[in-house]
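J.: Chains as they are written, first to last, in numbering that gives the first Met the number 0: chain A, 0 to 190; chain B, 0 to 190. We treat Cβ as the ideally placed atom computed from N, Cα and C, and that holds for glycine.
Number of protein chains: 2
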Amino acid sequence: MGKVSFKPGTMIYPLPAVMVSCGENEGEYNITTVAWTGTVCSDPPMCYISLRKDRHSHQIISRTRQFVINLTTEQLAAATDWCGVKSGRDFNKFESMGLTAVKAPDVNAPMIGESPLNIECEVVEIKELGSHDMFLSRVVGVLAEESLMKEDNGLFDLESAGLMAYSHGKYYSLGRRLGFFGFSVQKKKRK
Amino acid sequence: MGKVSFKPGTMIYPLPAVMVSCGENEGEYNITTVAWTGTVCSDPPMCYISLRKDRHSHQIISRTRQFVINLTTEQLAAATDWCGVKSGRDFNKFESMGLTAVKAPDVNAPMIGESPLNIECEVVEIKELGSHDMFLSRVVGVLAEESLMKEDNGLFDLESAGLMAYSHGKYYSLGRRLGFFGFSVQKKKRK
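Below you can see the structure in the form of structure tokens.
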């Protein structure tokens, strides 16, 4: 358990690498990729994304105050990476990546059709922190891929979506299931 | 790409499931597990954890305003789950789980020796959001398992730590590496 000291840094991993879609009309539709995202409150459901000020999407979302978080999968790995490297000032990212823009029902922004789960968000506060501004947001709607809804029990089978994780500069599939919430205190069934 | 609508909820996944350690002295040392955590700014390095008001650790951190985020691994899956289910009011969690409390060098809190990476945090603001309060924090130090530091190139080999992800109520190992940041625009090497 010997430890070495690093300079303070951003080392919380693994994280999601989500595609954030925004824009008021088709000509403005854009996608950016962020790992600085997460849930901050369960009730009401609230989340955040943090964006650098010079990002094209920062300008758009600062004005529209609405966006969609699109979860990403192994199949979307290359598109996810590309949308995080290139700028919407230079490319129509939906067209370049062959992604389908679907108007979100509850916010003024597009969703990515190929994503298994779309989270509609409304900004409640923009906090300037330094390199990044945090867009603290309310979740106002969730759209999910129909085929992941299990008919037999009505549960949502997110596992089958093949979500992708991001850790220290690399993308990974999810691997072996290690347990479920509460497994460490589950009573053993008598035989 | 048919979509079904859910009620708004907390569906950003996969997330880390980190053990948060806190307490001013050994008698008070406690551990809680949170998935509502992430990075909010790169420079200065800032992160957050969100805690329910009734959590024992909420009381401690509200007073000390310092804590440590301990990354979790496949080996720590059961301890991670247990620390999220049980309360520090009823158990000494370090002792119960056989975890080693190591005084953090830069904050008034213990770190978990068995974690591959410990992130020392200082609270800058507590935001009341509803079910959860968000502890917006500065990263003031990072300690890493010595054996993960590669002698040949000085890089930190986080991949070998075997980090664990949390997604929709289940814990997973990380699986196949899908690419690295920027892989979608990497120039092919000529043969």
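1. From Y165 of chain A to D80 of chain A, what distance separates their C-alpha atoms?
2. Quick check on DSSP: helix, strand or coil for D132 of chain A?
3. Report the neighbours of G174 of chain B on chain A: residues whose CB is nearer than 7 Å to its CB, in chain order.
4. What whole-angstrom Cβ distance do V17 of chain A and G8 of chain B have, given they're in contact under 8 Å?
5. Find the residues of chain A that neighbour M18 of chain B, judging by a C-beta separation of less than 9 Å, and give them in chain order.
6. Terminal residues of the continuous alpha helix (DSSP H) containing T63 of chain B?
7. My guess is that N29 of chain B and H55 of chain B are in contact by the Cβ rule of under 8 Å, so how many angstroms apart are they, rounded?
8. Within 7 Å of any Cβ in chain A, is that where the Cβ of T31 of chain B sits?
9. Apart from the five residues just before and just after L147 of chain A, which ones in its own chain have a Cβ nearer than 7 Å to its Cβ?
10. When the distance is taken between beta carbons, is E119 of chain A closer than 7 Å to D105 of chain A?
11. On the DSSP bridge assignment, give the partners of T32 of chain B in chain order.
12. So, using beta-carbon positions, are A108 of chain B and F5 of chain A closer together than 7 Å?
13. Taking its Cβ as the centre, do 16 or more other Cβ atoms sit within 10 Å of D53 of chain B, making it buried, or is it exposed?
14. Work out the CA separation of G174 of chain A and S172 of chain B for me, nearest whole Å.
15. Please tell me whether P43 of chain A and G129 of chain B are closer than 7 Å, where the distance is taken between their beta carbons.
16. Please report the straight-line C-alpha distance between N91 of chain A and G22 of chain A, rounded to a whole angstrom.
17. Could you work out which residues of chain A lie near A164 of chain B, taking near to mean beta carbons separated by less than 7 Å?
18. Thinking just about the alpha-carbon of each residue, which of A:E150, A:E124 and A:S86 is nearest to the one in M45 of chain A?
19. Are the Cβ atoms of V19 of chain B and V33 of chain B separated by less than 7 Å?
20. Going along the chain, which residues of its own chain have a beta-carbon closer than 7 Å to the beta-carbon of K210 of chain A, five neighbours each way excluded?
21. Per DSSP, what kind of secondary structure is T79 of chain A in: helix, strand or coil?
22. Taking C-beta pairs closer than 9 Å, name the residues in chain A that A76 of chain B reaches, listed in chain order.
23. At which residues does the beta strand (DSSP E) containing M163 of chain B begin and terminate?
24. Which of the three DSSP states is assigned to S4 of chain B in this structure?
25. Can you tell me where the alpha helix (DSSP H) with M45 of chain B in it begins and where it stops?
26. Within its chain, find whatever has a CB closer than 8 Å to the CB of R76 of chain A; leave out the 5 residues flanking it on each side and keep chain order.
27. Leaving aside the five residues before and after S86 of chain B along the sequence, list all residues of the same chain whose C-beta is less than 7 Å from its C-beta, in chain order.
28. Going by Cα to Cα distance, which pick from A:V3, A:V67 and A:I111 is closest to V138 of chain A?
29. Determine whether the beta carbon atoms of R64 of chain B and V122 of chain B lie at a separation below 7 Å.
T.: Straight from the coordinates:
1. Distance between the alpha carbons of Y165 of chain A and D80 of chain A: 10 Å.
2. In the structure shown, D132 of chain A sits in a strand (DSSP, three-state: E or B).
3. By Cβ distance, chain A contributes Y171, S172, L173 and G174.
4. About 15 Å separates the two Cβ atoms, so there is no contact after all.
5. Ordered by position in chain A, no residue passes the 9 Å Cβ test against M18 of chain B, which lies about 12 Å from the chain.
6. Per DSSP, T63 of chain B belongs to the alpha helix (DSSP H) from H55 to T63.
7. About 6 Å separates the beta carbon of N29 of chain B from that of H55 of chain B, a gap short enough to meet the 8 Å contact definition.
8. Among the residues facing chain A, T31 of chain B is not included, as its CB has no counterpart in that chain under 7 Å away.
9. Contacts found: P115, F155, D156, L157, S159 and A160.
10. In this structure, E119 of chain A lies closer than 7 Å to D105 of chain A by Cβ.
11. B:M18, per the DSSP bridge assignment.
12. No, the Cβ-Cβ distance between A108 of chain B and F5 of chain A is not below 7 Å.
13. Residue burial is scored here from C-beta neighbours: D53 of chain B has fewer than 16 other C-beta atoms within 10 angstroms and is therefore classed as exposed.
14. S172 of chain B and G174 of chain A: Cα-Cα distance of roughly 5 Å.
15. Inclusion of P43 of chain A and G129 of chain B in the CB contact set at 7 Å is warranted, their separation being smaller than that value.
16. N91 of chain A and G22 of chain A: Cα-Cα distance of roughly 12 Å.
17. Ordered by position in chain A, the residues that pass the 7 Å Cβ test against A164 of chain B are P13, A164 and L173.
18. Check the Cα spacing between M45 of chain A and each of A:E150, A:E124 and A:S86: the tightest is with A:E124.
19. It is a contact, given that the beta carbons lie within the stated cut-off.
20. It is not possible to answer for residue 210 of chain A, since the shown part of chain A is limited to 0 through 190.
21. Helix, per DSSP.
22. Residues of chain A whose Cβ lies closer than 9 Å to the Cβ of A76 of chain B are, in chain order, L177, G178, F182 and S183.
23. Its beta strand (DSSP E) spans residues M163 to S166.
24. In the structure shown, S4 of chain B falls within a strand segment according to DSSP collapsed to helix, strand and coil.
25. Careful: M45 of chain B lies outside any alpha helix (DSSP H), inside the beta strand (DSSP E) at M45 to R51.
26. The sequence as given places Ala at residue 76 of chain A; Arg does not occur at that position. Correct list, in chain order: M163 and Y170.
27. So the list reads H55, once near-sequence residues are dropped.
28. Of the candidates A:V3, A:V67 and A:I111, the one whose C-alpha sits nearest the C-alpha of V138 of chain A is A:V67.
29. Result yes, Cβ atoms of R64 of chain B and V122 of chain B sit closer than 7 Å.
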